[in-house]
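In my numbering, the protein residues as written are 38 to 470.
We treat Cβ as the ideally placed atom computed from N, Cα and C, and that holds for glycine.
Computed from a predicted model, the values in this text were never measured in an experiment.
In structure tokens form, the structure reads like this:
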């Protein structure tokens, strides 16, 4: 036991230094937020600029190398003001770009401009290899399992510390007892104990085996617990449809495309004709040297649409094979309209959603920030039950659904006739789903 105490004592200083370095690294992390900068860039800059392609304005990759940061912090929010002030660098840049005035952004403070510059410097984040499977696995592995395993490791370290302290306390008591008995006790000299000698200690070996069993057992249990959970699942779709662009930047309402969510069990996948309501005119040619966007061309190809003649060829039509992202087991019944319409206010309150945020965010996450859609919530039975336990529906007095339930209960109390029809028993979805 004394040998073990000496070994762990020699590790104290190294562990303390590593912990201090980790805290220091975390506290001195880069304050510039490239993710926030990407959102700002998409909202403010993409009408005239791209990272690697000239649009109306020049490509912006490497802009921090071409111009000092102090200049960019003044130029981006108010370029014309800087030009009118007679700044030589601003006038030169204005003339070099054909004297095309750049929109002013007074709402961009210094921190936001730095975020945009951080995104431009970092570039567009590269998707992980095998996004259809590896991305989902990574997201799942970084969830509850990693947190639980970290907790187990922390418990083991605490247990080791307790053993060391107890070992030292035992030795101190033994020394005091021997001194009271008049027996001289020599001060122990720290010994350098190798790994081989350490594993000859039966107590250490028993403790080590116990820790391994606990760790492997917990790891296996968490692995089985995560089986069938697809949180983070992000399959490759036939068209790279950006929810961030449509629902976020352009603020298109969810109901415009997923109209079924407000009136039926299913949210429905919008037909390509919905896309054509806009993309007959919107072709995103400015980013592709005057050519129609490759993703919009896929819509035209699937519909047999000729953008030159604006006619459809039925013989060239082919279905668009979207990959389902949110999958529930066949035995699980979920009604979108019941949650989106009937329980909207209760869900909003329970999830803390803002008035401008659609109730869809409660289950699907911040869809307006997703470049490509993925499963944000676990959608497990436990997750749904917790929501049903926490959501308060007692204030739904003006809701027709709950009014019908109250009416039914009042009839039961009075002994009046009540049929399943009064409780929605003749709705199609009760049997056909």
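Using C-beta distances below 7 Å, list every residue in its chain close to residue 264, excluding the 5 sequence neighbours before and after it, in chain order.
none
Would you kindly report the start and end of the unbroken alpha helix (DSSP H) that includes residue 449?
437–451
Do you know offhand how far residue 237's Cα is from residue 190's?
24 Å
Straight-line CA distance for residue 161 to residue 306?
28 Å
Where does residue 406 fall in DSSP's three states?
helix
With 16 other CB atoms within 10 Å as the buried threshold, where does residue 157 fall?
buried
Using three-state DSSP, classify residue 349 as helix, strand or coil.
strand
Could you give the uninterrupted runs of the alpha helix (DSSP H) lying entirely in the segment 204–275, keeping only those of 4 residues or more?
232–235 and 239–262
Does residue 342 come out as helix, strand or coil in the three-state DSSP assignment?
strand
Residue 405 burial status per 10 Å Cβ neighbour count (16 or more: buried)
buried
Are at least three pairs of beta-carbons, each pair with one atom in the segment 273–280 and one in the segment 352–368, less than 8 Å apart?
yes
Rounded C-alpha distance that separates residue 429 from residue 413:
23 Å
Looking at the unbroken alpha helix (DSSP H) that takes in residue 28, where does it start and where does it end?
The requested residue 28 does not occur in the structure, where the chain is confined to residues 38 to 470.
Going by C-alpha distance, which of 140, 151 and 90 is nearest residue 76?
151
Go through its chain and collect everything with a Cβ distance to residue 311's Cβ below 7 Å, but skip five positions before and after it.
294
Between which two residues does the alpha helix (DSSP H) containing residue 286 stretch?
Element bounds for residue 286: n/a, residue is neither H nor E.
So, for residue 286: in the same chain, excluding its five sequence neighbours on each side, which residues have a beta-carbon less than 7 Å away from its beta-carbon?
79 and 80
Quick check: what's the CA-CA separation for residue 115 versus residue 128?
13 Å
Taking just the CA atoms, how far does residue 106 sit from residue 113?
11 Å
Could you tell me how far apart the beta carbons of residue 395 and residue 291 are, in whole angstroms, since I believe they sit closer than 8 Å?
5 Å
State the DSSP-derived secondary structure class of residue 468, mapped to helix, strand or coil.
coil
Report the rounded CA-to-CA distance for residue 94 versus residue 402, giving the unit in angstroms.
34 Å
Assign residue 278 to one of three DSSP states: helix, strand, or coil.
coil
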